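**Student:**
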Amino acid sequence: MKRVSLLLSLCLVLAAAACAAAAEPIKIGAVFSVTGPASFLGEPERNTAQMVVDEMNAAGGLLGRPVELVVYDDETDVNKAVLAVDKLLKKDGVVAVIGPTTSGNTLAVMGKFAKAEVPLISCSAAEKITSPVDPWVFKVAPSDRHAVEKLLDLAKARGQKRLAIITVSDGFGQAGREVLKELIPAKGFELTADEIYGPKDTDMTAQLTKIKAQNPDAVICWGTNPGPAVIARGRLQLGLTMPLYMSHGVASKKFIELAGDAAEGLVLPAGRLIVAEQVAASHPQKKVLMTYTADYQARFKQPVSTFGGHAYDSLWLIAEAVKLGKSAKPADIRASLEKVTAFQGTAGEFNFTAQDHNGLSKDAFELVVIEKGDWKILQ
Amino acid sequence: MTFSDYLQFLLSGLTVGSTYGLTALGFTIIFNTTGIVNFAQGEFVMLGGMLGVFFLSGLGLPLPLALLLAVLATLLIGALMERLTIRPVQDAPVINLVIVTIGVSILVRGIVQIVLGKDTHALPPFTGSAPVSIAGAAVQPQSLWVLCITCGLLLLLRHFFSRTLWGKAMLACAFDRKAAFLAGIGVRRMVLLSFMISAAVGATGGVILAPLTMTSYDVGIMLGLKGFAAAVLGGLGNPFGAALGGLILGVLESFAAGLLSSAYKDAFTFVILLLLLFCKPSGLFGRRGFERV
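Protein chains in written order, with our numbering: chain A, 8 to 386; chain B, 23 to 315.
(1) Grouping DSSP H, G and I as helix and E and B as strand, with all else coil, what is residue 66 of chain B?
(2) Relative to chain B, which residues along the segment 307-324 of chain A have a C-beta separation below 9 Å, given in chain order?
(3) Name, please, each residue of chain B whose Cβ falls closer than 7 Å to the Cβ of residue 203 of chain A.
(4) Taking the alpha carbon of residue 48 of chain B as the reference point, which residue from B:201, B:302 and B:180 has its own alpha carbon closest?
(5) For residue 28 of chain A, name the three-state secondary structure that DSSP assigns.
(6) So, for residue 276 of chain B: in the same chain, excluding its five sequence neighbours on each side, which residues have a beta-carbon less than 6 Å away from its beta-carbon?
(7) In terms of alpha-carbon separation, which member of A:167, A:111 and A:240 lies closest to residue 262 of chain A?
(8) Would a check of beta-carbon distances place residue 372 of chain A closer than 7 Å to chain B?
(9) Taking 8 Å as the limit between beta carbons, can you name the residues of its chain near residue 28 of chain A, skipping five residues before and five after?
(10) Report back the beta-carbon spacing between residue 58 of chain A and residue 302 of chain A to the nearest angstrom; my notes put them in contact at under 8 Å.
(11) Pull up the DSSP beta-bridge partners for residue 374 of chain A, would you.
(12) Measure the C-alpha to C-alpha separation of residue 174 of chain A and residue 314 of chain A and round it to an integer number of angstroms.
(13) In terms of DSSP beta bridges, what is residue 198 of chain A paired with?
(14) In or out: residue 111 of chain B buried (at least 16 other Cβ within 10 Å) or exposed?
(15) Taking 7 Å as the threshold (beta carbon to beta carbon), is residue 295 of chain B in contact with chain A?
(16) Find out if the Cβ-Cβ distance for the pair residue 134 of chain A, residue 150 of chain A is shorter than 7 Å.
(17) Chain A beta carbons: is any one of them nearer than 7 Å to that of residue 276 of chain B?
(18) If we ignore side chains and look at the alpha-carbon of each, how far apart do residue 318 of chain A and residue 61 of chain A end up?
(19) Pick out whichever of A:73, A:197, A:311 and A:125 has its Cα sitting closest to the Cα of residue 97 of chain A.
(20) Check whether chain A comes within 7 Å of residue 140 of chain B, counting only Cβ atoms and requiring the distance to be less than that.
(21) Give the interface partners of residue 44 of chain A over in chain B, defined as CB-CB distance under 8 Å, in chain order.
(22) Tell me which residues share the same chain as residue 76 of chain B and place their Cβ nearer than 7 Å to its Cβ, disregarding the 5 neighbours each side in the sequence.
(23) By Cβ distance below 8 Å, which residues in the same chain neighbour residue 132 of chain A in space, the five residues on each side in sequence not counted?
(24) Measure from the C-beta of residue 221 of chain A to each C-beta in chain B and report whether the shortest distance is under 7 Å.
(25) Just the Cα atoms here: how many angstroms apart are residue 228 of chain A and residue 155 of chain A?
(26) Nearest to residue 145 of chain B by alpha carbon, out of A:365, A:299, A:337 and A:267?
(27) Per the DSSP calculation, residue 79 of chain A is bridged to which residue(s)?
(28) Would you say residue 63 of chain B reaches chain A, if we count a Cβ-Cβ gap shorter than 7 Å as a contact?
(29) Looking at chain A, is there any beta carbon in it that lies within less than 7 Å of the beta carbon of residue 42 of chain B?
(30) What does DSSP give as the partner residues of residue 381 of chain A in its beta bridges?
(31) Where does residue 3 of chain A fall in DSSP's three states?
(32) Is the segment 65-81 of chain A touching the segment 338-345 of chain A in the sense that three or more CB pairs, one from each, lie closer than 8 Å?
(33) Since I believe residue 26 of chain B is in contact with residue 152 of chain B (beta carbons under 8 Å), could you give me their beta-carbon distance rounded to a whole number of angstroms?
(34) Going by DSSP, what residue range makes up the alpha helix (DSSP H) through residue 188 of chain B?
(35) Can you tell me which of the three DSSP states residue 155 of chain B falls into?
(36) In whole angstroms, what separates the C-alpha of residue 207 of chain B from that of residue 113 of chain A?
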């Protein structure tokens, strides 16, 4: 009896030692706004990241090593984001970091990565993150510029010349406003009105009345819920007949629910994730869109969001880079990321180069129209 | 700009203003009885709207019943807040009690965020959403409901505070707690009552506004701030002034957005508020040298 137990414990010790030697985990850090005002973005990102890491480990990990995710919640607070990144880089010794969720937080922390020589894949949208290019910083969220280009192409095709814009006074709206104010004149349109509203405003009829007086050919609204829903309702209330274009910031079912009938017929650029079912079976993104949607909904019992998709893309891109360079060293991951081409993610096809750390084009967006309370790809 | 444009600015300003006015009204009721500025007032408005949504879509109750229940539930929460957080420390200086109300507001917001979720919700309008045209300006029917109910509440409260024994007893508590107690007024009961009334007023605001402005767990912050500004503008302690202060603030914002620049509309309103307070620190309708003990 004694001998058996001795033998058993010896086996256990050996097995444990063998595991430790063969499989020291690859640590990937993540900073998301799981709570606070941006939690509707950060929570699906955290859920998705956890799911992807579980999937990677179930398939044997990367290079035969298990993957460990270290997640910190920055509570949508820029100071907490800075602290979390310091912890990841100095204490946890991660090989790469994904997040932060919001543009403001990303811009505050991205300077630290070159010094620590660890790559960052940001899940936020601001153009300044990858322009000018910081060798250590990448991003997977599509740029406002691409969304604006897609909309202006449509406006041009429809013969609309005089455009009005109404934007929200937060980071998302003001970044969009800058691009709109640059591209509208550059593409030969006339900007007739430039109105702004606050993120917590509940009535935009004053701004819409001003726009109505200018009588533009179309109105472009740049904001996230709930403001654009209020604007869509205000448009019906004031009887504005010109088309209203929305941004990809409202590409969630919540917008249709909030705006109700006022959402009918509105057109917006959106990632293909929300129309995954309608994407043609031959489209290269079809498989990844359907897989992510099915996996996420099965595990978390809630609909997928574009934002969770950013976490999905970031982690699989790191996995791709690790496989490409056959190394999990931070510097090798960074170098391999720049060589990733034709990678099909939920946001679009990624083609990173040393000059382009976003890797997406305007084809990442599909124009969708809201019909009978649902999305439909605009033909 | 035509006449109908100006009318449009005025009407949308009045609608937004009644949001602020209703919140400000709640501030004055508690202030009048206790001398406390209750920074959880915005949370009462939020609770009205969010509980309304919960009873309507969560439990599937009919709209009028859901709204009534939301107001009653908030009234109960107001009473609980007084019993659990204000009464145990009632002898502390007023500033401590004000801090307690800030704590309660954070707690309530946190609980609602966890229990009812982080999404924005809308309630259906009471009588359809086809806009009514008044001399070329378009108005939602719900705006008319809001204006009428605000006026009704205001008259009711005015009557309560100036004509009824209970209302007068509540005012007496604010002037001098000890003297009121010696005169045989149940001070504790009056404080409890003031929290219940102001919670109910806030929740009423919440349910009639939710169809127009939508609601989420964090709408109370902005409403509390603007409502407090409106109460100060109208003269803290005067329900009539508070409601009017709210309407003035709303109209100022709307005209600033329409005629000057929508980017700076909040700045314009607060500059005007600051200027007014420099010239007349007691507010538009406040009494001069109004002293609190």
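Glycine is no exception: its CB is placed at the ideal position from the N, C-alpha and C atoms.
Keep in mind it's a predicted model, so treat the numbers as computed, not measured.
**Tutor:** Answer, in terms of the structure:
(1) helix
(2) none
(3) 284 and 285
(4) B:180
(5) In this predicted model, residue 28 of chain A has a pLDDT of only 47, less than 50, meaning its place in the structure is not dependable; the value taken from the coordinates is given anyway. Residue 28 of chain A: helix per DSSP, three-state reduction.
(6) 31, 34 and 35
(7) A:240
(8) Nearest CB-CB separation between residue 372 of chain A and chain B: not below the 7 Å threshold.
(9) Per-residue confidence for residue 28 of chain A stands at a pLDDT of 47, beneath the threshold of 50, marking its modelled position as unreliable; no derived number is given.
(10) That pair is a contact at about 6 Å.
(11) Answer by DSSP bridge pairing, in chain order: A:276.
(12) 21 Å
(13) A:170
(14) exposed
(15) Cβ-Cβ to chain A under 7 Å: no for residue 295 of chain B.
(16) yes
(17) Yes, residue 276 of chain B lies at the interface with chain A (some Cβ there is under 7 Å from its Cβ).
(18) 14 Å
(19) Answer by Cα proximity: A:125.
(20) Residue-level contact check: residue 140 of chain B touches chain A, since one or more beta carbons of chain A fall below 7 Å from its beta carbon.
(21) Listed by position along chain B, the residues whose Cβ is nearer than 8 Å to that of residue 44 of chain A are 240.
(22) Contacts found: 138.
(23) Counting only Cβ-Cβ distances below 8 Å, and skipping sequence neighbours, we find 110, 146, 148, 149, 150, 151, 179 and 182.
(24) no
(25) 11 Å
(26) It is A:267.
(27) A:38
(28) No, its Cβ sits nowhere closer than 7 Å to a Cβ of chain A.
(29) no
(30) A:378
(31) As shown, chain A starts at 8 and ends at 386. That puts residue 3 of chain A outside it, with no answer to give.
(32) no
(33) Not really, about 18 Å apart at Cβ, beyond 8 Å.
(34) 187-197
(35) strand
(36) 59 Å
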